[in-house]
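Engineer:
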Amino acid sequence: MSSLELSSEAAKAGVTCITGLGWTPGLSNLLAAKGYRELDSCRSIDISWVGSAADSKGLAVVMHVFHACTGKVPMYLDGELKEVEAGSGKEPKLFPKPFGEVKVFYTGHPEPVTIPKHLKVERVTLKGALVPEWQNSLVALFVKLGLTKTPGRKRKLSKIIHSIEDLFRAGGVQASGLRVDISGELKGEEATLTYGMVDRMWRLTSIPAALGAMMLASRELDEPGVHPPEAAIPAEDFLKRVAEAGLKILKLERGEWREVEYS
Numbered sequence: 149m150s151s152l153e154l155s156s157e158a159a160k161a162g163v164t165c166i167t168g169l170g171w172t173p174g175l176s177n178l179l180a181a182k183g184y185r186e187l188d189s190c191r192s193i194d195i196s197w198v199g200s201a202a203d204s205k206g207l208a209v210v211m212h213v214f215h216a217c218t219g220k221v222p223m224y225l226d227g228e229l230k231e232v233e234a235g236s237g238k239e240p241k242l243f244p245k246p247f248g249e250v251k252v253f254y255t256g257h258p259e260p261v262t263i264p265k266h267l268k269v270e271r272v273t274l275k276g277a278l279v280p281e282w283q284n285s286l287v288a289l290f291v292k293l294g295l296t297k298t299p300g301r302k303r304k305l306s307k308i309i310h311s312i313e314d315l316f317r318a319g320g321v322q323a324s325g326l327r328v329d330i331s332g333e334l335k336g337e338e339a340t341l342t343y344g345m346v347d348r349m350w351r352l353t354s355i356p357a358a359l360g361a362m363m364l365a366s367r368e369l370d371e372p373g374v375h376p377p378e379a380a381i382p383a384e385d386f387l388k389r390v391a392e393a394g395l396k397i398l399k400l401e402r403g404e405w406r407e408v409e410y411s
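Here it is, written out as structure tokens:
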């Protein structure tokens, strides 16, 4: 979020920067923007993610999980930014295969902060979870014991977990998932559009970042300043490129996930 504070300086220097263009944030923001524009009016955007230790590597991932699951986290509720307790608000969400139903909970991420500034809605939430489920309980225990309370403690604990992370991959799946529910009104009736994606974490993260870098290099994106994805990137066109790069975009219809076809 601190990078967005440099927007005026970047604009003065004539530099265009897109921040948070990966899996989540990134694809999550653009799926939200896609659904927002497909509705006649939009009331809420609810983003959910699911990750597996079997699909991730590196100290940064461990540190990020502890950071996102600790303390108060921002959510946009009833038209204003509020703080809720990380780990609260549990609810089941159906993700594409191989995950199925997963209980997600509030986690800290930038989408509830940036999206309401560019898309007129009353609510933006972000929830997530790890699989297998016991890993969520373990993270909650670490938080309760205060082992993630300060940056120093988070780093120390993360290094320990990172050194034995192969143990945490047992029972996991080599995939990560995303689901975005966009609710509002369509043709005079209440409607919810639900989009999702599942792939390897490194692909979900790197492909949108690479596509964005190519658009910046070619000056296709040329709006000086620092912007979140939903503020500067044409969602539908970008998602088409994502699909052409091999990431499937899915839509939940009548309880079944179906691939969105891009011609």
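Taken in order, the sequence shown gives residues 149 to 411; the numbers are from our numbering. All C-beta atoms in this analysis are idealised placements derived from N, C-alpha and C, irrespective of residue type, glycine included.
Would you tell me roughly how many angstroms separate the C-alpha atoms of V252 and A277, rounded to the nearest one?
Structural biologist: Those two C-alpha atoms are separated by around 5 Å.
Engineer: Which residue from G373, E401, V261, L175 puts its Cα closest to that of A161?
Structural biologist: A161 has its Cα closest to that of G373, out of G373, E401, V261, L175.
Engineer: Can you pull the DSSP bridge partners for V279?
Structural biologist: For V279, which the question treats as bridged, DSSP gives the partners S200.
Engineer: Less than 8 Å between the beta carbons of Y343 and I397, yes or no?
Structural biologist: Closer than 8 Å, so yes.
Engineer: For W282, count neighbouring Cβ atoms within 10 angstroms of its own Cβ and tell me buried if that reaches 16, exposed if not.
Structural biologist: Exposed, by the Cβ-count rule.
Engineer: Should T298 go down as buried or exposed, given a rule of 16 or more other Cβ atoms within 10 Å for buried?
Structural biologist: Answer is exposed; the Cβ neighbour count stays below 16.
Engineer: Looking only at C-alpha atoms, which of A323, H257, E157 sits nearest to V272?
Structural biologist: For V272, the nearest C-alpha among the options comes from H257.
Engineer: Out of D314, A393, F247, which one is the CA nearest neighbour of V321?
Structural biologist: Among D314, A393, F247, the Cα nearest to that of V321 belongs to F247.
Engineer: What is the residue span of the beta strand (DSSP E) that K238 lies within?
Structural biologist: No beta strand (DSSP E) contains K238, which DSSP labels as neither H nor E.
Engineer: Can you give me the C-alpha to C-alpha distance between A288 and C217, rounded to a whole angstrom?
Structural biologist: Computed Cα separation, rounded: 8 Å.
Engineer: Is the beta carbon of V328 closer than 8 Å to that of G183?
Structural biologist: Their beta carbons are under 8 Å apart, which means G183 touches V328 by this criterion.
Engineer: If you follow the alpha helix (DSSP H) that F316 is in, where does it begin and where does it stop?
Structural biologist: Segment 313 to 316, the alpha helix (DSSP H) holding F316.
Engineer: Tell me the DSSP secondary structure of I330 in three-state form.
Structural biologist: Three-state result, I330: strand.
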